[in-house]
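Student: Starting off with a structure, shown below.
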Amino acid sequence: QVQLVESGGGLVQAGGSLRLSCAASGNSFSHYTMNWYRQAPGKQRELVANITPGGITNYADSVNGRFTISRDNAKNTVYLQMNNLKPEDTAVYYCNLRWFGFEYWGQGTQVTVSS
Numbered sequence: 375q376v377q378l379v380e381s382g383g384g385l386v387q388a389g390g391s392l393r394l395s396c397a398a399s400g401n402s403f404s405h406y407t408m409n410w411y412r413q414a415p416g417k418q419r420e421l422v423a424n425i426t427p428g429g430i431t432n433y434a435d436s437v438n439g440r441f442t443i444s445r446d447n448a449k450n451t452v453y454l455q456m457n458n459l460k461p462e463d464t465a466v467y468y469c470n471l472r473w474f475g476f477e478y479w480g481q482g483t484q485v486t487v488s489s
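Just so we're aligned, residue 375 is where the sequence shown starts under this note's numbering, counting upward by one.
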């Protein structure tokens with residue numbers, strides 16, 4: 375069982391920045407591909423970014439160039455640095471990982487971007 379705890383959400387004006395954190399429990403964090411998803415009201419949950427154990431990153435087109443995912447294996451933590459935020463980035467952001475057929479989600483953190 376892996377527990378994921380997100381933090382760092384909040385209210386920010388358009389053009390501003392936020393950094394989300396997701397702390398994972400357990401001793402196998404360095405082996406996981408870590409994912410950030412988001413879900414806006416009335417929309418499906420979508421993949422925002424992910425990072426492999428080797429540090430390879432992948433971004434949704436909508437955030438590429440504005441968001442940066444990173445990880446600190448010593449702290450069992452994955453980060454999402456979000457710059458130049460737009461109102462359409464407003465959503466609940468979730469941390470996720472999949473491991474040998476199991477899937478784990480955090481509780482989510484709200485990001486609201488005002489225009």
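The beta-carbon is built from N, C-alpha and C at its ideal position, and this holds for glycine as well.
As the structure is a prediction and not an experimental result, all values here were calculated from the model.
List in chain order: all unbroken beta strand (DSSP E) runs of 3+ residues lying wholly within the stretch 428-465.
Tutor: 431-433, 441-446, 451-456
Student: CB-CB under 8 Å to Pro461, same chain, minus the five flanking residues each way: which ones, in chain order?
Tutor: Ala388, Val487, Ser488, Ser489
Student: Pull up the DSSP beta-bridge partners for Thr483, would you.
Tutor: Tyr467
Student: Is Phe403 helix, strand or coil when you go by DSSP?
Tutor: helix
Student: On the CB-based measure, 16 or more other CB atoms within 10 Å of its CB, does Asp435 come out buried or exposed?
Tutor: Label assigned to Asp435: exposed.
Student: On the three-pair Cβ rule with 8 Å, is the stretch 412-431 touching the stretch 386-400?
Tutor: Output reads no: the stretch 386-400 does not touch the stretch 412-431.
Student: Assuming contact is defined by CB atoms lying nearer than 8 Å, are Leu459 and Leu394 in contact in what I supplied?
Tutor: no
Student: Between Cys396 and the ligand GDP, is there a pair consisting of the residue's CB and a ligand heavy atom that are separated by less than 7 Å?
Tutor: The ligand GDP is not among the ligands present in this structure, which contains no ligands whatsoever.
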